[in-house]
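Now the structure itself:
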């Protein structure tokens, strides 16, 4: 189970991300813990102080009108305390991407807020799946699974259009 921390000062964007997480739960039957929403960097840092581990997933807005590097500074403090938590940056300022590498924050992803909803949700699905696999949990419980000698492949049922069989020669 993952616990989510969201740092976003824009309430519309907070709701968009929260809705995406909860709609993913309905599609994939994910193990979702609590989703905590914060609009100020100090608030999320105070809430996070006693928690550590790979079961934590942070969605941080890098920049806002009032605080250009708020999410980056929060990510730095997270990394100082916890090398295992997953961090995803969500921003309307893609030009700030290089600074996340400069601070060596080991972010899982960098999502542009201006992406269309479907692409935005796909990126969140992928990031949650990576965080779950980091935690040793199955990404998708509601999926068609194929085990081969080289890999295990999971395809969500909602992405499958049809199945086709072919005759087997004995």
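Residue numbers (this note's numbering): 26 to 195. For glycine and all other residues, C-beta sits at the position ideal for the given N, C-alpha and C.
I need the straight-line Cα distance from residue i to residue j, nearest angstrom please.
i: residue 148; j: residue 76; result: 25 Å
i: residue 164; j: residue 150; result: Unreliable positioning characterises residue 164 in this predicted model, as indicated by a pLDDT of 46, which lies under 50. A coordinate reading is not provided.
i: residue 135; j: residue 67; result: 22 Å
i: residue 139; j: residue 41; result: 12 Å
i: residue 72; j: residue 120; result: 29 Å
i: residue 256; j: residue 29; result: One cannot answer for residue 256 here, as it falls past the ends of the chain, which runs 26 to 195.
i: residue 26; j: residue 182; result: 21 Å
i: residue 172; j: residue 184; result: 18 Å
i: residue 84; j: residue 180; result: 25 Å
i: residue 33; j: residue 70; result: 13 Å
i: residue 97; j: residue 191; result: 53 Å
i: residue 99; j: residue 133; result: 15 Å
Grouping DSSP H, G and I as helix and E and B as strand, with all else coil, what is residue i?
i: residue 29; result: strand
i: residue 59; result: strand
i: residue 64; result: coil
Between residue i and residue j, how many whole angstroms is the CB-CB distance? I'm expecting something under 8 Å.
i: residue 109; j: residue 79; result: 4 Å
Using DSSP's beta-bridge definition, name the partner residues of residue i.
i: residue 84; result: 31 and 113
request  = Give, in chain order, every unbroken run of the alpha helix (DSSP H) that is at least 4 residues long and sits entirely within the segment 101-150.
outcome  = 122-127
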